[in-house]
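Q: Which chain is which? The protein sequence lines are A and B, in order.
Just so you know, we're using the working numbering here: the first sequence kicks off at 3 and counts up by one.
Just so you know, we're using the working numbering here: the second sequence kicks off at 81 and counts up by one.
Glycine is no exception: its CB is placed at the ideal position from the N, C-alpha and C atoms.
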Amino acid sequence: MSDSLKYFRENRLPHIWCPGCGHGTVTGALVRAIAKLKLDKNKIVVVSGIGCSSRAPGYLDFDTLHTTHGRALAFATGIKLSRPELKVIVMTGDGDCTAIGGNHFIHAARRNIDITTILMNNNIYGMTSGQYSPMTPKGMLGTTAPYGNTERSFDLAKLSIAAGATYVARATAYHAVLLEELIEKALLNPGFSVVEALSQCPTYYGRKNKLGTPVDMMTWFKDHAVNIKAAAVMSPEKLEGKFLIGEMHNSPEPEFTAEYSALAEGVRRKFDSFQGGLRECAQNSD
Amino acid sequence: MPSVKLMQGNEACTLGALTAGLDFFAGYPITPSTEIAELCAEELPKVGGKFIQMEDEIASMAAIIGASLTGRKAMTATSGPGFSLMQENIGYASLAEVPVVIINVQRVGPSTGMPTSPSQGEVMQARWGTHGDHPVVVLAPGNVKECFDLTVKAFNIAEDYRIPVVVLTDEVIGHMREKVVLPDFETVKVTRRKAPASPGGYKPYEADPDGGVPLMASFGQGYRYHVTGLFHDETGFPSNRGDVADVLIRRLMKKVENAEPLIRDYATESIEDCEILVVAFGSSAMSSLSAVRQARAKGIKVGLFRPKTIWPFPEEPLRELSSQVKRVIVPEMNLGQLVLEIERVIGCRAPVERLSKVNGELFKPEEILFVIMGGEK
Ligand SMILES: Cc1ncc(C[n+]2csc(CCOP(=O)(O)OP(=O)(O)O)c2C)c(N)n1
Ligand code: SF4
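Spelled out as structure tokens, the structure:
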């Protein structure tokens, strides 16, 4: 831990999270992965949206950007395209990333832009006190789902892979060591990487759904998670009611900002400077 | 060497931006602004810049703020519906003090409205589109050459005061072709961002006591600072304290208030002895100018006041001028937006007559002339 402490803004602590919240564990795993990779802290930018999870960057000693709700990836895209040499990390929540930010998420994945996205999935809107999110499982309770959620939820891993992410993994706040390993690999993937970290929100999701103490919630993670490697040899019956953790997808492809730079290099060689266009512009509409 | 070119307003905006050092554009296609994105896609890679077509206008605004934070000169271009989508992040740029330029080529609204017809319906959206008191500057070119000049100026103001600046044109100005005498690009005055001395002890929102503008560091240079849309103190970290909020918002508003005499820009025609004054901006001012000239030919003492900075409005010069006239006529392609500001500025010095048009057509000079001559509206 002492090695990772240097990546925190110690004078910004204590944090605002409730006792027993999983977001601190996830933030810790990210920092340990960064420490292990010995990344230069002057070349890291951490971007977030709005939510309890999105408060994490404020505690980290990098250039940090706390943006508007759902838009972290769009801001991060501007940063990464501007300065491909920077390591850009997005910290987000299930609501921030898959509801209001869902469009930016699939497009960042489609572009395969080199951004590592850490999604803290507590199955609820924590910051606004417990409304259901696109990742609240069907049947569970939220303040806006007082009789149980009737909507289906996203499987983030499948969504990410389908949209084009080149590294996709999942762990939980209980599986902190695995989480750290997966984040490390995500940081090394030169492309769009997604690590979903299940994180307990005892204050709203836990209380509303009578899931017990933070320890009970972590125990639930432990008892219901199956590593994808182990799952390969398990029967469907045995997997009933479980969820998968581990590396879901690792398939590097050409990265967007590198492709743009290469293209621009070619264009630049052909043209010296701006000549001013004199072309006809067709009248378009809508 | 100065050069002469025939070009569109949208092209002139792009060329002005490139002259001012534009090296990042993010946008989403929308008529009648699209040519700006198309030209940027073509030209930016040639000059080491970056272009990206984002998934929507919310993302476009976000991306240019991100780019600006890394030290780039960043811009987007849009029209009504897209400008509406940008509003939340424009507020973010105001509060977080990130210089960006937005070209808004107005079309008729609300909603999808009339995509290919001009309007001036966004005078108020440009000023008050996002929630909360916030500083913005809005510039309104009245011809193609001014699209070039005012886009350069927009970048300079954005950098000088760390604010979002809107260049408000419309479908006619954007698509109109005029012969433009372009200056020698090297001679154009361009503001370069001043970096803080060193990362040691850097307080990102510690404002200069005179102008109220803090020095801006770029991400990735070792300053390791925090930027948020929450109210914050001079360290940049969030604060819930009422006194901190009060100081911050007053400082932000003061930046533009103090700068008004410096950035003020307007043009006049035949005002020396005028007894009737037409006040108009953008393409309404083109028709107004021709109406004023026709009226003068008939011996009517009428003049034109044409603001190029519409927010903040050039109050003092108009107020002075209004004391000498008997009537003020305000033609606008909306149902009365800038006129509210004009009425506020003039007070009871002269009666203000509104002339509105919202059918997607420009004013004909005769329509304005008719009112100048005392005809009923
Ligand atoms: C445009 C906008 N809409 C709504 C909100 C209110 N809001 C703030 S945080 C939040 C949800 C956050 O949930 P999540 O991303 O899951 O993060 P958590 O707090 O659970 O970590 C909402 C709806 C907002 N700030 N901005
Ligand atoms: S409300 Fe939930 S997510 Fe937010 S800090 Fe508390 S426990 Fe964590």
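Who are the Cβ neighbours of B/MET81 in its own chain at under 6 Å, not counting the five residues just before and after it?
A: Counting only Cβ-Cβ distances below 6 Å, and skipping sequence neighbours, we find ASP264.
Q: Going along the chain, which residues of its own chain have a beta-carbon closer than 6 Å to the beta-carbon of A/GLU182, five neighbours each way excluded?
A: If we look at A/GLU182 and ignore the five residues flanking it on each side, its Cβ neighbours are ALA31, ARG34, ALA35.
Q: Measure the C-alpha to C-alpha separation of B/GLN167 and B/VAL203 and round it to an integer number of angstroms.
A: In a straight line, the C-alpha of B/GLN167 is about 14 Å away from that of B/VAL203.
Q: Are any of the Cβ atoms in chain A nearer than 7 Å to that of B/SER159?
A: Taking Cβ atoms only, chain A never reaches closer than 7 Å to B/SER159, which makes this a no.
Q: Is the CB of B/GLY379 under 7 Å away from at least one CB in chain A?
A: For B/GLY379, the answer is no, since every Cβ of chain A falls outside 7 Å of its Cβ.
Q: Can you tell me which of A/ALA164, A/LEU158, A/GLU267 puts its alpha carbon nearest to the alpha carbon of A/ALA199?
A: Ranking the options by Cα distance to A/ALA199, first place goes to A/LEU158.
Q: Per DSSP, A/TYR127 is paired with what?
A: Answer by DSSP bridge pairing, in chain order: A/GLN133.
Q: Could you tell me the alpha carbon to alpha carbon distance between B/PRO445 and B/LYS437, rounded to whole angstroms?
A: Each residue's alpha carbon lies about 13 Å from the other.
Q: So is A/HIS109 buried or exposed if we call it buried at 16+ other beta carbons inside 10 Å?
A: So A/HIS109 ends up on the buried side.
Q: Output needed for A/GLU249: all residues of its chain with C-beta closer than 6 Å, excluding positions within five of it in sequence on either side, in chain order.
A: These residues qualify, in order along the chain: ALA171.
Q: In the DSSP assignment, find the unbroken beta strand (DSSP E) run with B/TRP208 in it and report its ends.
A: That residue, B/TRP208, is in no beta strand (DSSP E); its alpha helix (DSSP H) goes 203-208.
Q: State buried or exposed for B/SER403, treating a residue as buried only when at least 16 other CB atoms are found within 10 Å of its CB.
A: Counting Cβ neighbours within 10 Å, B/SER403 comes out exposed, since fewer than 16 surround it.
Q: Report the option in B/VAL268, B/PRO284, B/LYS269 whose CA atom is closest to the CA atom of B/ALA275.
A: If we check each option's Cα against that of B/ALA275, B/PRO284 comes out closest.
Q: Determine which residues of the segment 71-84 of chain A have a Cβ less than 9 Å from any Cβ of chain B, and write them out in chain order.
A: For the segment 71-84 of chain A, which is checked against every Cβ of chain B, the residues closer than 9 Å are HIS71, GLY72, ARG73, ALA74, LEU75, ALA76, PHE77, ALA78, THR79, GLY80, ILE81, LYS82, LEU83, SER84.
Q: In the DSSP assignment, find the alpha helix (DSSP H) that holds A/PHE77 and state where it starts and stops.
A: A/PHE77 -> alpha helix (DSSP H) spans 74-84.
Q: Counting contacts by CB-CB distance shorter than 7 Å, is A/PHE273 in contact with chain B?
A: Cβ-Cβ to chain B under 7 Å: yes for A/PHE273.
Q: Which residue marks the beginning of the beta strand (DSSP E) containing B/ILE390, and which one marks its end?
A: Unbroken beta strand (DSSP E) run through B/ILE390: 389-391.
Q: In chain order, what residues of the segment 271-303 of chain B put their CB closer than 8 Å to some CB of chain A?
A: Cβ contacts with chain A: PHE299, GLY300, GLN301, GLY302, TYR303.
Q: Pick from B/GLY129, B/VAL307, B/LYS335: whose alpha carbon is nearest that of A/VAL47?
A: It is B/VAL307 whose Cα lies nearest to the Cα of A/VAL47.
Q: Is the separation between the beta-carbon of B/ALA460 and that of B/LEU449 shorter than 7 Å?
A: Coverage of chain B is limited to positions 81 through 457, which leaves residue 460 of chain B absent and any answer about it impossible.
Q: If I follow the unbroken alpha helix (DSSP H) through A/SER270, where does it start and stop?
A: Correcting the residue type first, residue 270 of chain A is Arg in the shown sequence and not Ser. Counting along the chain, the alpha helix (DSSP H) containing A/ARG270 begins and ends at 258-272.
Q: Starting from the C-beta of B/ASP229, find all residues in its chain whose C-beta is less than 8 Å away, skip the five residues before and the five after it, and write them out in chain order.
A: Result list for B/ASP229: GLY96, PRO221, in chain order.
Q: Just to confirm my understanding: we take B/HIS211, look at its own chain, exclude 5 residues before and 5 after, and list those with CB closer than 7 Å. What are they?
A: The residues are GLY171.
Q: For A/GLY53, decide whether its Cβ has a neighbour in chain B, counting only Cβ atoms nearer than 7 Å.
A: Not closer than 7 Å to any Cβ of chain B, the Cβ of A/GLY53 fails to qualify, so no.
Q: So, helix, strand or coil for A/GLU242, using DSSP?
A: Coil, per DSSP.
Q: Would you say B/PHE443 lies against chain A (beta-carbon separation less than 7 Å)?
A: No, B/PHE443 lies away from the interface with chain A (no Cβ there is under 7 Å from its Cβ).
Q: B/ASP288 to B/GLU314, Cα distance in whole Å?
A: Going from the Cα of B/ASP288 to the Cα of B/GLU314 covers about 11 Å.
Q: Quick check on the DSSP output: what are the complete alpha helix (DSSP H) runs of length 4 or more inside the segment 230-300 of chain B, in order along the chain?
A: Listed in chain order, the complete alpha helix (DSSP H) runs (minimum 4 residues) inside the segment 230-300 of chain B are 251-255.
Q: How big is the Cα-Cα spacing for A/THR215 and A/ILE18?
A: So the alpha carbons of these two residues sit roughly 19 Å apart.
Q: Just checking, does the segment 173-186 of chain B make contact with the segment 142-158 of chain B on the three C-beta pairs under 8 Å criterion?
A: Taking 8 Å as the limit for Cβ pairs, the verdict is that the segment 142-158 of chain B does touch the segment 173-186 of chain B.
Q: With hydrogens ignored, establish whether the beta-carbon of A/ILE52 is closer than 6 Å to any heavy atom of ligand 1.
A: Checking the Cβ of A/ILE52 against ligand 1 gives yes.
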